[in-house]
Amino acid sequence: MRAGLREMLSDQQDIRIAGVVREAQDIDEGETDVLVMASVPPSQVNRRLDGVYGILVLTDDPEESRVLIQAGWRAWGILPPACSVDELIAAIQAVGEGLWVGTPALVRGMLPFERNMNNPAEEMGPEPLTSREQEVLQRLAEGLANKQIALQLGISEHTVKFHLSSLYLKLNASSRTEAVRKGLNAGLISL
């Protein structure tokens, strides 16, 4: 499986393979941003690796998502071994960007924000977002700068800053990244 993964990923220009190892202790932490584990469950990595930003596990066992959540990885993903090449590449890129990735069958009921799905506003704060604030938040998730958001929405850059300030307050966020993360968790935006 490791050889097949290496072959699939070696053609990708934006993915560099740092190495292929059998044991977690053989990982070069300084060279690895995202660890892809194909034949070793994450429970065998008994500590977070200092240089590794995130982990992607290929497994059919939904209990492995619980292990990933409890381990405290900044970013992680869990996919079935039969996932497509496109799904694998997208998952590696997403984990590399700091996101959580998983198929519903493998993560259902495990994620902390799912407990609030009946009331997503519970995590956000007392006031729901306006439709314009949701548009601004969606553009934030797309990585646009304030000036670009203003151009797309036909508003001034000052108005974008006003909406951002309101978003931060309503989402209880202190940065663009945190606002996007909370918006994704609450189901307000999509990537």
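This note's numbering numbers the first residue of the sequence shown as 5 and each following residue consecutively. Glycine included, each C-beta is placed from N, C-alpha and C at the ideal position.
Contact between leucine 9 and valine 40 is confirmed by a C-beta separation of about 6 Å, below the 8 Å threshold.
Pairing tryptophan 77 with serine 194, the inter-Cα distance amounts to about 22 Å. Glutamate 137 sits buried, since 16 or more C-beta atoms from the chains shown fall within 10 Å of its C-beta. By the CB criterion at 8 Å, isoleucine 82 and leucine 92 fall outside the cutoff. If you check the CB distance, lysine 174 and leucine 144 do not come in under 8 Å. If the five residues before and after glycine 187 are omitted, its C-beta is found closer than 6 Å to the C-beta atoms of Leu141 and Ile193, all from its own chain and listed in chain order.
It is roughly 10 Å from the alpha-carbon of proline 66 to the alpha-carbon of glycine 106.
Contact between alanine 79 and glycine 102 is confirmed by a C-beta separation of about 5 Å, below the 8 Å threshold.
Closest in alpha carbon position to alanine 94, among Leu171, Ile19, Arg70 and Thr181, is Ile19.
Taking a C-beta distance under 8 Å as the contact criterion, leucine 60 and isoleucine 21 do not qualify as a contact pair. By the neighbour-count criterion, in which 16 or more other beta carbons inside 10 Å mark a residue as buried, alanine 154 falls on the buried side.
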